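Enquirer: Residue numbers (the UniProt record's numbering), protein chains in the order written: chain A, 1 to 212; chain B, 1 to 212.
Glycine included, C-beta positions come from ideal geometry on N, C-alpha and C.
Values in this document were obtained by computation on a predicted structure and should not be read as measured data.
Please see the structure below; I have some questions.
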DNA sequence: CTGCAAAAATGAACCCATTCAACTTTTTTC
DNA sequence: GAAAAAAGTTGAATGGGTTCATTTTTGCAG
């Protein structure tokens with residue numbers, strides 16, 4: 001095992017992916033031609049297509065790496081949510097947001113999201129959708145956790161509210177990546193403004209947390 | 001005024017738009033080539049680009065017509081919202097959804113939404129964003145209206161909750177157009193399931209409306 | 001009418017993602 | 001270790017959106 005062919009294949013794939021992550025961020029997804037990636041990765045154009053079905057596939061692969069990291073980070077918060085309904089939710093969401101520009105530019109996010117919408121039935125789109133679903137599940141799980149703990153009222157439909165909050169945070173992230181002038185701070189502030197009132201509505205008297 | 005040139009211009013533009021609306025729906029956005037539209041509209045390829053900046057522009061123009069109609073329909077509901085917080089909200093949202101496939105296919109919606117995300121700084125994207133904002137404002141206005149009427153609790157931040165509900169309905173619509181197997185009925189049901197709990201939380205005791 | 005300037009229309013040329021038939025390299029078989 | 005098979009690489013060809021230099025049409029002044 002670990003024959004020459006295997007090693008060469010893995011090597012080529014990572015060369016392509018590294019080249020892509022670098023060039024996409026530096027020059028923008030649009031501006032980078034497959035030929036550029038091929039050159040940087042020292043393979044031919046045809047070979048790039050041997051590893052990735054489309055240009056968009058390469059982008060999704062880089063985005064997926066990012067989201068996997070975010071999910072792991074979120075799991076840690078789920079293990080020990082901070083006290084206060086609003087604070088716990090905003091901590092989780094804030095973690096997503098703060099990580100998002102670590103390796104990716106706004107343009108890359110925009111393009112990836114657009115791809116996932118346009119072609120939901122490709123391996124592409126399905127992978128992105130699955131990651132999205134995992135994030136949504138994390139938000140819902142947090143609410144269920146808080147409900148167990150007695151911070152969220154028992155009669156609240158945690159699954160429904162979780163979905164609504166996730167959809168909201170996702171949409172706000174979309175606004176964020178669409179607007180080059182919007183900062184992470186702006187995003188945090190906007191989502192806090194929207195999430196706090198909902199958190200207050202679902203919180204038990206005792207678990208209401210801090211200031212307005 | 002209304003010289004020959006003006007009339008011809010307007011005529012060509014509508015010929016192109018009509019051809020596009022028809023062909024996009026019949027054959028799918030992807031499958032239709034600019035050359036096809038040019039032929040159907042009896043102009044040259046170059047002329048199409050004289051009226052619309054990109055292929056996506058033509059699609060956005062057809063989508064915009066649809067959304068204008070939906071906004072007008074929504075305004076009528078705002079004038080006299082039905083009683084019950086959940087029912088009023090769901091009536092408005094349901095109107096949006098039911099109208100959405102009147103002239104457009106799911107594929108057209110997907111592509112238009114993807115375009116609006118990918119290129120938010122084009123006239124394209126801005127126009128779509130403006131329509132989106134108008135829809136969001138309608139939802140918020142409805143909540144404010146219900147608050148005046150005493151159906152929504154005075155201490156609720158109607159603007160924040162309105163934004164959250166709009167983001168949710170928008171995201172659910174996105175799910176709907178991404179999944180060819182999902183019916184309008186499914187969409188209505190899913191959104192009702194998510195909206196009702198929130199409506200219950202913000203409603204005054206008296207205005208709680210109907211069943212579970 | 002005639003000639004001229006402005007406005008539009010035109011379609012061939014260009015760019016790039018994607019495909020595919022021919023060629024190389026690695027692995028397997030005897 | 002040679003030859004066949006399998007797996008992978010290659011880059012020229014294809015297709016369709018977009019551009020732009022040229023041609024045609026329209027509006028207008030004399």
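Is residue 152(A) helix, strand or coil by DSSP?
Expert: Looking up residue 152(A) in the first chain gives position 152. Strand, per DSSP.
Enquirer: Could you give the distance in angstroms between the alpha-carbon of residue 12(A) and the alpha-carbon of residue 46(A)?
Expert: As a first step, residue 12(A) must be located in the first chain, where it is residue number 12. As a first step, residue 46(A) must be located in the first chain, where it is residue number 46. In a straight line, the C-alpha of residue 12(A) is about 13 Å away from that of residue 46(A).
Enquirer: Does residue 148(B) come within less than 8 Å of chain A when only Cβ atoms are used?
Expert: Along the second chain, read from residue 1 onward, the residue named residue 148(B) stands at position 148. False, the Cβ-Cβ gap to chain A never drops below 8 Å.
Enquirer: Beta-carbon within less than 8 Å of residue 74(B)'s beta-carbon, same chain only, minus the 5 sequence neighbours each way: which residues are those?
Expert: Counting from one through the second chain, the residue named residue 74(B) turns up at place 74. These residues qualify, in order along the chain: 92, 95, 96, 135, 138.
Enquirer: Under a CB-based cut-off of 8 Å, is residue 157(A) close to chain B?
Expert: Along the first chain, one-based indexing puts residue 157(A) at 157. The C-beta of residue 157(A) comes closer than 8 Å to at least one C-beta of chain B.
Enquirer: Give the list of continuous alpha helix (DSSP H) stretches no shorter than 4 residues that lie fully inside the UniProt domain "HTH tetR-type" (10-70) of chain A.
Expert: 34-41, 45-51
Enquirer: Could you tell me which residues DSSP puts in a beta bridge with residue 203(B)?
Expert: Mapped onto the second chain, residue 203(B) falls at position 203. Note: residue 203(B) sits in a beta bridge opposite 152(B).
Enquirer: Hey, residue 59(B) and residue 103(B): beta-carbon distance below 8 Å or not?
Expert: Walking along the second chain from the start, residue 59(B) turns up at place 59. Walking along the second chain from the start, residue 103(B) turns up at place 103. No. Outside cutoff.
Enquirer: Under a CB-based cut-off of 8 Å, is residue 83(B) close to chain A?
Expert: As a position in the second chain, residue 83(B) is number 83, starting the count at 1. No - not a single Cβ of chain A is within 8 Å of the one on residue 83(B).
Enquirer: Is the beta carbon of residue 42(A) closer than 8 Å to that of residue 15(A)?
Expert: Locating residue 15(A) in the first chain gives position 15, where the first residue counts as 1. Locating residue 42(A) in the first chain gives position 42, where the first residue counts as 1. Taking C-beta atoms as the reference points, residue 15(A) and residue 42(A) count as a pair closer than 8 Å.
Enquirer: Anything in chain B within Cβ reach of residue 138(A), meaning under 9 Å, just list it in chain order.
Expert: Residue mapping note: residue 138(A) aligns to position 138 of the first chain, counting from 1. Residues of chain B passing the Cβ test: none, with the nearest at roughly 16 Å.
Enquirer: Please report whether the beta-carbon of residue 117(B) lies at a distance below 8 Å from any beta-carbon of chain A.
Expert: In the second chain, counting from the first residue as 1, residue 117(B) sits at position 117. Closer than 8 Å to some Cβ of chain A, the Cβ of residue 117(B) qualifies, so yes.
Enquirer: Check whether the segment 181-190 of chain B and the segment 146-159 of chain B are in contact - that is, three or more C-beta pairs closer than 8 Å.
Expert: no
Enquirer: In terms of alpha-carbon separation, which member of 173(B), 82(B), 17(B) lies closest to residue 149(B)?
Expert: Position 149 of the second chain holds residue 149(B). Of 173(B), 82(B), 17(B), the residue nearest in Cα terms is 82(B).
Enquirer: In whole angstroms, give me the CA-to-CA distance for residue 165(A) and residue 118(B).
Expert: Here residue 165(A) is taken as the residue at index 165 of the first chain, counted from 1. Here residue 118(B) is taken as the residue at index 118 of the second chain, counted from 1. Going by the C-alpha atoms only, they are around 24 Å apart.
Enquirer: Rounded to the nearest angstrom, what separates residue 57(B) and residue 110(B) at their Cα positions?
Expert: Looking up residue 57(B) in the second chain gives position 57. Looking up residue 110(B) in the second chain gives position 110. Approximately 14 Å between the Cα atoms of the pair.
Enquirer: Are the Cβ atoms of residue 80(A) and residue 17(A) separated by less than 8 Å?
Expert: Translated into the one-based positions of the first chain, residue 80(A) becomes position 80. Translated into the one-based positions of the first chain, residue 17(A) becomes position 17. No; because the gap between Cβ atoms is not below 8 Å, this pair is not in contact.
Enquirer: So for residue 187(B), helix, strand or coil by DSSP?
Expert: On the second chain, position 187 is the one that residue 187(B) refers to. Here residue 187(B) sits in helix by DSSP.
Enquirer: In chain A, which residues lie less than 8 Å from residue 174(B) when you measure between Cβ atoms?
Expert: The sequence position of residue 174(B) within the second chain is 174, counting from 1. Here the neighbours are 117.
Enquirer: Going by beta carbon distance, what residues of the same chain come within less than 6 Å of residue 170(B), once the five residues before and after it are set aside?
Expert: In the second chain, residue 170(B) corresponds to position 170, counting from 1. Nothing meets the Cβ criterion.
Enquirer: Please check if any C-beta of chain B sits within less than 8 Å of the C-beta of residue 33(A).
Expert: Reading the first chain from its first residue, position 33 is the one you call residue 33(A). Not an interface residue.
Enquirer: Indicate whether residue 25(B) and residue 108(B) have their beta-carbon atoms separated by less than 8 Å.
Expert: Reading the second chain from its first residue, position 25 is the one you call residue 25(B). Reading the second chain from its first residue, position 108 is the one you call residue 108(B). Their beta carbons are under 8 Å apart, which means residue 25(B) touches residue 108(B) by this criterion.
Enquirer: Is residue 104(A) helix, strand or coil by DSSP?
Expert: Working through the first chain from its first residue, we reach residue 104(A) at position 104. Coil at residue 104(A), not helix or strand.
Enquirer: What residues from chain B crowd round residue 77(A), counting only those whose CB sits closer than 8 Å?
Expert: What you label residue 77(A) is simply residue 77 of the first chain in a count that begins at 1. Residues of chain B passing the Cβ test: none, with the nearest at roughly 21 Å.
Enquirer: Output yes if chain A places a C-beta closer than 8 Å to the C-beta of residue 55(B); else output no.
Expert: Taking the first residue of the second chain as position 1, residue 55(B) is located at position 55. Answer no: the Cβ-Cβ gap between residue 55(B) and chain A never drops below 8 Å.
Enquirer: Just list the alpha helix (DSSP H) runs in the segment 105-172 of chain A, keeping only unbroken ones of 4 residues or longer that don't cross its boundaries, in chain order.
Expert: 106-118, 123-148
Enquirer: Exposed or buried, what is residue 7(B) when buried is set at 16 or more other beta-carbons lying within 10 Å of its beta-carbon?
Expert: If you number the second chain from 1, residue 7(B) lands on position 7. Classification for residue 7(B): exposed.
Enquirer: For residue 37(B), I'd like the list of residues in its chain whose CB is within less than 8 Å of its CB, leaving aside the five on either flank, ordered along the chain.
Expert: Numbered from 1 along the second chain, position 37 holds the residue referred to as residue 37(B). A distance below 8 Å between beta-carbons, with the five flanking residues on each side excluded, links residue 37(B) to the following residues of its chain, in chain order: 16, 19, 20, 23, 48, 58.
Enquirer: With the cut-off set at 8 Å, would you say residue 197(B) and residue 160(A) are in Cβ contact?
Expert: On the second chain, position 197 is the one that residue 197(B) refers to. On the first chain, position 160 is the one that residue 160(A) refers to. Closer than 8 Å, so yes.
Enquirer: Rounded to the nearest angstrom, how far is the Cβ of residue 162(A) from that of residue 140(A), given a contact under 8 Å?
Expert: Taking the first residue of the first chain as 1, we reach residue 162(A) at position 162. Taking the first residue of the first chain as 1, we reach residue 140(A) at position 140. Separation of the CB atoms of residue 162(A) and residue 140(A) is rounded to 3 Å, and the pair is thereby assigned contact status at 8 Å.
Enquirer: Please report the distance separating the alpha-carbon of residue 178(A) from that of residue 106(A).
Expert: By 1-based counting over the first chain, the position of residue 178(A) is 178. By 1-based counting over the first chain, the position of residue 106(A) is 106. About 7 Å.
Enquirer: Under 9 Å Cβ-Cβ, which residues of chain A neighbour residue 14(B)?
Expert: Here residue 14(B) corresponds to residue number 14 of the second chain, with the count starting at 1. Correct list: empty, because the minimum Cβ distance to chain A is about 27 Å.
Enquirer: Do you know how far the Cα of residue 168(A) is from the Cα of residue 172(B)?
Expert: Position 172 of the second chain holds residue 172(B). Position 168 of the first chain holds residue 168(A). The alpha-carbon atoms of residue 172(B) and residue 168(A) are separated by roughly 11 Å.
Enquirer: Where do the ends of the alpha helix (DSSP H) carrying residue 88(B) lie?
Expert: As a position in the second chain, residue 88(B) is number 88, starting the count at 1. Unbroken alpha helix (DSSP H) run through residue 88(B): 85-99.
Enquirer: Find the residues of chain B that neighbour residue 170(A), judging by a C-beta separation of less than 9 Å, and give them in chain order.
Expert: To locate residue 170(A), count along the first chain from 1; it is residue 170. The contacting residues are 167, 171.
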